[in-house]
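Engineer: Dropping a structure here in structure tokens format, bear with me for questions.
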Amino acid sequence: MRIQLCGVRGSTPAPGPDFVRYGGNTSCVALISDGELAPSLILDAGTGLRQVTPLLHCKPFRGTIVLSHLHWDHVHGLPFFAGGDTDGAEVSLLMPDQAGGESALDVLSRCMSPPHFPIGPGQLRGAWTFGMLPPGELRAGPFTILALEIPHKGGRTYGYRVSDGRSVLAYLPDHCPTGLGPGPDGLGEYHDAAVTLAAGADALIRDASLLPDEVSAQASLGHSAADYAVGLAARAGSRRVVLFHHGPDRTDTELDKLAGRLAGACLPVIVAAEREVLSL
1264 MRIQLCGVRG STPAPGPDFV RYGGNTSCVA LISDGELAPS LILDAGTGLR
1314 QVTPLLHCKP FRGTIVLSHL HWDHVHGLPF FAGGDTDGAE VSLLMPDQAG
1364 GESALDVLSR CMSPPHFPIG PGQLRGAWTF GMLPPGELRA GPFTILALEI
1414 PHKGGRTYGY RVSDGRSVLA YLPDHCPTGL GPGPDGLGEY HDAAVTLAAG
1464 ADALIRDASL LPDEVSAQAS LGHSAADYAV GLAARAGSRR VVLFHHGPDR
1514 TDTELDKLAG RLAGACLPVI VAAEREVLSL
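If you're matching positions, the sequence shown starts at 1264 in the working numbering and goes up one per residue.
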């Protein structure tokens, strides 16, 4: 599979000259199966979702969008996804199962409907369906997806393990392991769900919002350290780790320093950059 990083920033977009090389769009990853030209699976719908449309070669999107959770930086790209908001599009949007009995459409409409936005999700053009996703396994075209709940503040959050039968991608963009305890190094617990998702993965895309010295003050907002991502990958036997969901104030220069500091880790470490392509 080919993995197109369309948005790698977290919390809010980061425009400006200090964020050019790594990019300022929020979380969105597009997956293209072997032998295909266009993506059929999208993980999260942050502002980076706008970057998926050029990958469709002037055709409407036909496939699945899976949300890790419903925070703004993971859904704000939906009404601006030209490749999905068009005649001929066929989009299945899935989100973590929510408490309360509301439908997926009703839940999503809370952040995308008047007076907060001119239209609701049900007014997107094309054939859209909206569904809740319980923990477990599902099929999305050529991909098999395992969804497991992971700790993150402010709503049910899933991490995903995606396989095409030959390669495996683990995707945990928002993850707060300190919510389960300090763990062996003070950066959070290496808990079963995270280890299961990352086990033997060809690539682990993971929350790297914080630096170790920021954890005590900022982990309460639901994120964790880049160094934890490396530790999780090593513990789970992942082949490489992709640091993702960069804090909105983390400049290109600071991300270069992070890459340099972790260059000697026990496995390859990639600092995610918008428009980068990973081949598994």
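Where a beta carbon is used, it is the ideal one built from N, C-alpha and C, also for glycine.
Report the three-state DSSP secondary structure of Pro1475 (helix, strand or coil).
Structural biologist: Position 212 of the sequence shown holds residue 1475. It is helical.
Engineer: Anyone know if the C-beta pair for Pro1384 and Leu1371 falls short of 7 angstroms?
Structural biologist: Against the sequence shown, residue 1384 aligns to sequence position 121. Against the sequence shown, residue 1371 aligns to sequence position 108. Closer than 7 angstroms, so yes.
Engineer: Apply the 10 Å Cβ neighbour rule to Trp1335 and answer buried if 16 or more other Cβ atoms are within range, or exposed otherwise.
Structural biologist: The count along the sequence shown starts at 1 and reaches residue 1335 at position 72. Answer is exposed; the Cβ neighbour count stays below 16.
Engineer: Can you pull the DSSP bridge partners for Tyr1453?
Structural biologist: For this step, residue 1453 is matched to residue 190 along the sequence shown. Note: Tyr1453 sits in no beta bridge, so no partner.
Engineer: Unbroken beta strand (DSSP E) runs of length 3 or more, entirely within the region 1314-1398: which are they?
Structural biologist: Counting whole runs of 3 or more residues, the region 1314-1398 contains the beta strand (DSSP E) stretches 1325-1329, 1353-1359 and 1390-1396.
Engineer: Looking at the strands, I want to know which residues DSSP matches up with Leu1506.
Structural biologist: One-based indexing of the sequence shown puts residue 1506 at position 243. Answer by DSSP bridge pairing, in chain order: Arg1469 and Val1534.
Engineer: Look at the alpha carbon of Gln1314 and the alpha carbon of Ala1535, and state the distance between them as a whole number of angstroms.
Structural biologist: For the purposes of this step, residue 1314 is identified with residue 51 of the sequence shown, where counting begins at 1. For the purposes of this step, residue 1535 is identified with residue 272 of the sequence shown, where counting begins at 1. For Gln1314 and Ala1535, the distance between alpha carbons rounds to 15 angstroms.
Engineer: Glu1412 lies in the beta strand (DSSP E); which residues open and close that run?
Structural biologist: To locate residue 1412, count along the sequence shown from 1; it is residue 149. Phe1406 to Glu1412 is the extent of the beta strand (DSSP E) around Glu1412.
Engineer: In this structure, how does DSSP classify Val1458 when only helix, strand and coil are distinguished?
Structural biologist: Here the question's residue 1458 lines up with position 195 in the sequence shown. Residue state, collapsed to three classes: helix.
Engineer: I'd like to know if the region 1404-1413 and the region 1363-1380 are in contact, where contact means that at least 3 CB-CB pairs between them fall below 8 angstroms.
Structural biologist: no
Engineer: What span of residues does the beta strand (DSSP E) with Gly1493 cover, start to end?
Structural biologist: Working through the sequence shown from its first residue, we reach residue 1493 at position 230. A quick correction: the sequence has Val, not Gly, at residue 1493. Counting along the chain, Val1493 falls outside any beta strand (DSSP E), though it belongs to the alpha helix (DSSP H) covering Ala1489 to Ala1499.
Engineer: Check whether the region 1435-1444 touches the region 1515-1526, counting contact only when three or more Cβ pairs, one atom from each stretch, lie closer than 8 angstroms.
Structural biologist: no
Engineer: Would you call Asp1307 buried or exposed, if buried means 16 or more other Cβ atoms sit within 10 Å of its Cβ?
Structural biologist: To locate residue 1307, count along the sequence shown from 1; it is residue 44. That one is buried.
Engineer: Run the proximity test for Ala1433: is its beta-carbon closer than 6 angstroms to any non-hydrogen atom belonging to the ligand NAD?
Structural biologist: Ligands in the displayed structure: none, and consequently the ligand NAD is not present.
Engineer: CB Leu1312 to CB Pro1302, shorter than 7 angstroms?
Structural biologist: Position 49 of the sequence shown, counting from 1, holds the residue named residue 1312. Position 39 of the sequence shown, counting from 1, holds the residue named residue 1302. In this structure, Pro1302 does not lie closer than 7 angstroms to Leu1312 by Cβ.
Engineer: By alpha-carbon positions, which one of Arg1502, Leu1474 and Ser1376 ends up nearest to Arg1524?
Structural biologist: Here residue 1524 refers to the residue found at position 261 when the sequence shown is read from its first residue. Of the listed residues, the one whose Cα sits closest to Arg1524 is Leu1474.
Engineer: Per the DSSP calculation, Arg1272 is bridged to which residue(s)?
Structural biologist: Position 9 of the sequence shown, counted from the start, is the residue given in the question as residue 1272. The partner list for Arg1272 (beta bridge, DSSP) reads Thr1289 and His1509.
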